[in-house]
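Per the numbering used here, the very first residue in the sequence shown carries number 11; after that it's consecutive.
Report on the structure given below.
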Amino acid sequence: MRLFAALPLDEAGIRELVRYRRELERMGVRGNFTRPENLHITLAFLGEQPEWETAAEALDTVEIVPGVLRLDRLDSFGKGGILGLCPSEDAPVRSLAAAAEKALRAAGFDLEKRRFRAHVTLCRELQAPKGCVLPPPPAVEVPVEEIVLYLSHRPKGRLTYTPLWRKKTSGQETDISSFFSE
Ligand code: 2AM
């Protein structure tokens, strides 16, 4: 199973990004837009794993300092024409990602040594009409209050991120919200 740990967006943030996507599409921008329910900020990518429980146990040791992350700037990166929405001030998410990485490595996970870049992937394979200037993105506030362990899979060929486990700020409540079975 392919796993990653992430911060989910709340409903208000998702709504803003759906509105922004429509705005881009009206301008003729095309691409592989992230489905609204898949929008997230990756904290750690674990890749293929035989099970998820060991990762959940490791992530359960991470202290979440509650806060709000403000996404306010567009960035494009990678070879695949990725359009991302990023925070100018990424300190809260950077320290959370570092703590998640540390806990996972201590539990024996061999994570990739990639530079952490806090972002929400809005679109892949972006194609904009010539001369088109993208409109300023909405300022989206992401609550930093939980870590979710997601399964990345493709039921019926559709890329889907299913939450397997989540840790809330209090550190008390951990629940298996939707265990996936294919
Ligand atoms: P991306 O959005 O920039 O593609 C699930 O694939 C999530 O894990 C995505 O948010 C993806 O980032 C992130 N991720 C990080 N490293 C990855 C890797 N090596 N392969 C696939 N996804 C990766």
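From the three backbone atoms N, C-alpha and C, an ideal C-beta is built for every residue, glycine too.
Residue i: CB within 6 Å of a non-hydrogen atom of ligand 1
i	result
Thr170	no
Phe230	Residue 230 is absent from the model: the chain starts at 11 and stops at 192.
Phe126	no
Phe55	yes
Ser162	yes
Thr131	yes
Thr179	no
Candidates the options: closest to residue i by CA position
i	options	result
Leu19	Thr131, Lys89 and Val143	Thr131
Glu156	Ser162, Cys133 and Ile74	Ile74
Thr172	Arg164, Lys178 and Thr179	Arg164
Ala149	Arg83, Arg125 and Phe119	Arg83
Lys89	Glu47, Ala110, Leu136 and Val154	Leu136
Lys112	Arg12, Arg36, Asp70 and Ser86	Asp70
Leu81	Thr179, Pro153, Gly167 and Lys177	Pro153
Residue j beta carbon less than 7 Å from that of residue i
i	j	result
Leu159	Trp175	yes
Pro97	Leu79	yes
Phe119	Leu56	yes
Leu95	Pro147	yes
Gly77	Pro46	no
Arg12	Glu58	yes
Integer-rounded CB distance, given that residue j should sit under 8 Å from residue i
i	j	result
Phe14	Ala54	7 Å
Leu17	Ile51	4 Å
Ala110	Val143	Contact flag wrong, Cβ pair sits at about 36 Å.
Status (buried if at least 16 other CB within 10 Å, exposed otherwise) for residue i
i	result
Val39	buried
Pro139	exposed
Lys123	exposed
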